[in-house]
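What follows is a short report on a single structure.
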Amino acid sequence: MSLENTRRPSWLTFDCYGTLIQWDEGLQNAVSAILASKHAAAIDPRKFIAVYDRHEHALEQTPPHRSFREVAGEALRIALEEFDLHAEVSDIRLLTERISAMPPFPEVVATLHALKEAGYRLCIVSNTDDDVIAGNVAQLGGHIDRVITAQQAGAYKPDRRLFDYAHEQLGVAYDDVVHICASPHLDHAAARDIGFRCVWIDRGTGRQLLPDYTPDAILATLGQVPPLFTSLGW
């Protein structure tokens, strides 16, 4: 697929963590701190995160809907138990506080500014709670027009209900939007099923495309988005 010969969007929607915000780096730092507090620094944080991610994603798709704080806390508790470690209330507080404080990638604020100057409206669509993401949004230079979360929609990606809710809230059709994201597993499935345009920011983290979906464009950083749009005549 390609964005060529498609119309200029009025809104750009963004996944937050991994696209705008340094998720992998921040999560590894948080997990390292939790493991160190339990005198378990010998455990590889990357292996721990793989276990945590597996449980987090499963819990997000298990009814009834729960807040991200609840899901993250339960996933962390289960992951710690798998490594024969005991979970404390302070562990989930540390995790969510670290998530909220994760900074943007270096090019993000300037890129969002350029996109606003070009006339686009900007919205985040994220698998989180309003209060958790507030700390991240505060670091984005005041350029974000709307923030839509799983908490508001009562659904987590890759469930298309979050995207359906987002488009309803924005009051636009799917072809009025281009979605920009870093997670094939969470965002591309909805793009495939709903049919909205999608740009993948592949930051070289090793995430793989879905076998049955190719995004409309693949870029290495968010900073490549404005030149792409200019080349399209947008």
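Using UniProt numbering, you'd call the opening residue of the sequence shown number 1 and step up by one each time. Positions of the beta carbon are idealized from the N, C-alpha and C atoms, including for glycine.
Judging by CA-CA distance, which residue of M102, V109, L35, H65 is the nearest neighbour of R77? To locate residue 77, count along the sequence shown from 1; it is residue 77. Ranked by Cα distance from R77, the options M102, V109, L35, H65 are led by L35.
Under three-state DSSP, which class holds R192? Position 192 of the sequence shown, counting from 1, holds the residue named residue 192. R192: helix per DSSP, three-state reduction.
Buried or exposed: which applies to A75, given that a residue is buried once 16 or more other Cβ atoms fall within 10 Å of its Cβ? As a working mapping, residue 75 is identified with position 75 in the sequence shown. Buried, because 16 or more other Cβ atoms sit within 10 Å of the Cβ of A75.
Cα-Cα separation, L115 to I124: Residue mapping note: residue 115 aligns to position 115 of the sequence shown, counting from 1. Residue mapping note: residue 124 aligns to position 124 of the sequence shown, counting from 1. For L115 and I124, the gap between their C-alpha atoms comes out near 14 Å.
Anyone know if the C-beta pair for Y156 and H167 falls short of 8 Å? On the sequence shown, residue 156 is found 156 positions in, with the first residue counted as 1. On the sequence shown, residue 167 is found 167 positions in, with the first residue counted as 1. No, these two residues do not count as a Cβ contact at 8 Å.
Skipping 5 residues on each side, what residues in its chain have a beta carbon closer than 6 Å to that of P45? The residue labelled residue 45 in the question sits at position 45 within the sequence shown. Closer than 6 Å at the Cβ level, and outside the excluded window around P45, lie Q28, V31, S32.
State yes or no: is the C-beta of S109 within less than 8 Å of the C-beta of E82? The residue you call residue 109 lines up with position 109 of the sequence shown. The residue you call residue 82 lines up with position 82 of the sequence shown. Note that residue 109 is Val in the sequence shown here, rather than Ser. Taking 8 Å as the Cβ cut-off, V109 and E82 do not qualify as a contacting pair.
If you follow the beta strand (DSSP E) that W200 is in, where does it begin and where does it stop? Taking the first residue of the sequence shown as 1, we reach residue 200 at position 200. Segment 197-201, the beta strand (DSSP E) holding W200.
Given 8 Å as the limit, is there contact between the segment 189-203 and the segment 91-101, that is, 3 or more CB pairs closer than that? These segments do not touch.
Under three-state DSSP, which class holds L95? Your numbering for residue 95 matches position 95 in the sequence shown. In the three-state reduction of the DSSP assignment, L95 falls in the helix class, which pools H, G and I.
Take D84 and list the residues in its own chain whose beta-carbon comes closer than 6 Å to its own, dropping the five residues that flank it on each side. What you label residue 84 is simply residue 84 of the sequence shown in a count that begins at 1. So the list is empty, once near-sequence residues are dropped.
Nearest by alpha-carbon distance to E70: which of L80, E56, V172 is it? Translated into positions along the sequence shown, residue 70 becomes position 70. Nearest option by C-alpha distance: E56.
Per DSSP, which one or two residues make a beta bridge with C181? As a working mapping, residue 181 is identified with position 181 in the sequence shown. Residue pairing by DSSP places C181 opposite W200 in a beta bridge.
Taking the alpha carbon of A87 as the reference point, which residue from I218, K38, S126 has its own alpha carbon closest? For the purposes of this step, residue 87 is taken as the residue at position 87 of the sequence shown. When only C-alpha atoms are compared, the closest one is K38.
Could you please give the first and the last residue of the uninterrupted alpha helix (DSSP H) stretch that includes I78? On the sequence shown, residue 78 is found 78 positions in, with the first residue counted as 1. Unbroken alpha helix (DSSP H) run through I78: 68-82.
As a quick exercise: from D164, G223, T13, L210, pick the residue whose alpha carbon is nearest that of residue 280. In the structure as shown, the chain starts at 1 and stops at 234, and residue 280 therefore has no counterpart that could be examined.
For D202, which residues from the same chain have a beta carbon less than 8 Å from its beta carbon, with the 5 sequence-adjacent residues on both sides left out? In the sequence shown, residue 202 corresponds to position 202, counting from 1. Closer than 8 Å at Cβ, skipping near neighbours: A182, I218, L219, A220.
Environment of residue 238 [buried if 16+ CB atoms lie within 10 Å]: Not covered by the structure: residue 238. The range shown for the chain is 1 to 234.
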